[in-house]
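Q:
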Amino acid sequence: MDYSMTTQFMMELIATAVMIVFGDGVCCACNLKKSKAQGGGWVVITIGWGLAVCMGVLIAGPYTGAHLNPTVTLGLAVAGKFPWANVVPYIVAQMIGSFIGAVVVWLFYRDHFKEANDPELVLGSFCTEPAVRNYPENFFSEFLAGGLLVFIILAIGSAGNSMDFHYNIVGATASLQASTTHIGLAALGPVPVTFLIIALGMSLGGTTGYAMNVARDLSPRIAHAILPIPGKRDSDWAYAWIPAIAPTVGGMVAGLCGAWLFAC
31 MDYSMTTQFM MELIATAVMI VFGDGVCCAC NLKKSKAQGG GWVVITIGWG
81 LAVCMGVLIA GPYTGAHLNP TVTLGLAVAG KFPWANVVPY IVAQMIGSFI
131 GAVVVWLFYR DHFKEANDPE LVLGSFCTEP AVRNYPENFF SEFLAGGLLV
181 FIILAIGSAG NSMDFHYNIV GATASLQAST THIGLAALGP VPVTFLIIAL
231 GMSLGGTTGY AMNVARDLSP RIAHAILPIP GKRDSDWAYA WIPAIAPTVG
281 GMVAGLCGAW LFAC
């Protein structure tokens, strides 16, 4: 079914906001003082982010394909799997949704932000920072993570991961008609992407926090800069260009590679 751009815009916005509520929410839960989940650790955060993406896909999947991420939107467009005319509306929806999600998380954990005494953990509850600040290495980390995200999403929907399912339909005249449909990993909805986000976080997230998504990082970073959070530090704008540019470039390169490889 074809949906209007207004419907697609709103569903992508809402789903991205929900993703941030769950994703930044688990960061707050594990980072902030007096949270019952404080100290939950990286495994909890990566699983939480995987499930956050899952919740967003469940909301927007039937309407937009649930990109939730400019890296995915641009990567699919480059691969010829998404119309270029829809790229800008989708990205705008994702940026707005991420900002709204970050504000909701701040409202929810506001008392804990008041108790927080570590400005670094407060910033890390909104956006990403490198574990070791080395911009070329940080760029490569986000480039590779964003590229693998798009490449594996393309692989999930490729012919190699699908099979033909044959069945017969009894028509009105009682004659049998052979029909074929394709069933593959993409038919599992958000499940493969959930595993993908968890795997990327556990394997490649330790260097930069695996933003892989300019909307996920930049919009909450803007929220951190604007919101009245006691004792916060600056929003680290010197680093902000890395998660904005590197995964986007990686996703577009992966889109080109995937379009060629999976067409062979």
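So for the sequence shown, our numbering puts the first residue at 31; every next one is plus one. From the three backbone atoms N, C-alpha and C, an ideal C-beta is built for every residue, glycine too.
Select from F292, V279, W290, P149 the residue whose C-alpha is nearest the C-alpha of L303.
A: Outside the shown range of the chain (31 to 294) lies residue 303, about which nothing can therefore be said.
Q: So P100 is in the alpha helix (DSSP H); what residue range does that whole segment cover?
A: Its alpha helix (DSSP H) spans residues 100–108.
Q: Would you identify the three-state DSSP class for G70, choosing helix, strand or coil?
A: Correct three-state label for G70: coil.
Q: Determine the DSSP secondary structure at A216, reduced to helix, strand or coil.
A: Its pLDDT being 47, under 50, A216 is placed unreliably by the model, and the measurement read from it follows with that caveat. A216 falls in the helix class under three-state DSSP.
Q: Any idea what DSSP makes of T210, helix, strand or coil?
A: With a pLDDT of 49 at T210, under the threshold of 50, the modelled position of that residue is not reliable, and the figure given next carries that caveat. Here T210 sits in strand by DSSP.
Q: Hey, how far is the Cα of A175 from the Cα of K144?
A: Spanning the two alpha carbons is a distance of roughly 34 Å.
Q: Tell me whether N22 is buried or exposed, calling it buried when 16 or more other Cβ atoms sit within 10 Å of its Cβ.
A: Given that the chain is displayed from residue 31 to residue 294, the structure contains no residue 22 and the question cannot be resolved.
Q: Using the Cβ count rule (16 or more neighbours within 10 Å means buried), how would you classify S233?
A: Result: exposed.
Q: Which ranges does the alpha helix (DSSP H) cover as unbroken runs of at least 4 residues, wholly within the segment 243–272, from first to last along the chain?
A: As far as the segment 243–272 is concerned, its whole alpha helix (DSSP H) runs of at least 4 residues are 244–256.
Q: Report the three-state DSSP secondary structure of V48 (helix, strand or coil).
A: V48 falls in the helix class under three-state DSSP.
Q: Please look up how many angstroms separate the CB atoms of Q124 and P92, rounded, as I've assumed it's under 8 Å.
A: In fact, because the Cβ distance is near 17 Å, the residues do not count as touching under 8 Å.
Q: What residue range is occupied by the uninterrupted alpha helix (DSSP H) comprising K144?
A: Counting along the chain, the alpha helix (DSSP H) containing K144 begins and ends at 140–145.
Q: Taking the beta carbon of A217 as the centre, do at least 16 other beta carbons fall within 10 Å, making it buried, or is it exposed?
A: In this prediction, A217 scores a pLDDT of 47, lower than 50, which makes its location untrustworthy; the coordinate-derived value is nonetheless stated afterwards. Exposed: under 16 other Cβ atoms inside 10 Å.
Q: Below 8 Å between beta carbons: does that hold for V48 and M85?
A: Yes, these two residues count as a Cβ contact at 8 Å.
Q: Taking only the alpha-carbon atoms, compute the straight-line gap between L284 and L184 and give it to the nearest angstrom.
A: Checking the displayed sequence, the identity of residue 284 turns out to be Ala instead of Leu. Roughly 9 Å separates the two Cα atoms.
Q: Would you mind working out which of G70, W79, I44, A146 sits nearest R263, comparing C-alpha positions?
A: Here the closest residue by C-alpha is A146.
Q: Can you give the beta carbon distance from T224 to L81, rounded, assuming they're within the 8 Å contact cut?
A: Confirmed, Cβ separation roughly 7 Å.
Q: Between the Cα of E42 and the Cα atoms of L62, K66, A90, which residue gives the shortest distance?
A: Closest option to E42, Cα to Cα, is A90.
Q: My output table needs one value for A161: the three-state DSSP class, helix, strand or coil.
A: In the structure shown, A161 sits in coil (DSSP, three-state: anything other than H, G, I, E or B).
Q: Quick one: Cα of P258 to Cα of I186, how far?
A: For P258 and I186, the distance between alpha carbons rounds to 42 Å.
Q: Could you please give the first and the last residue of the uninterrupted alpha helix (DSSP H) stretch that includes G235?
A: Here G235 belongs to no alpha helix (DSSP H), and DSSP marks it neither H nor E.
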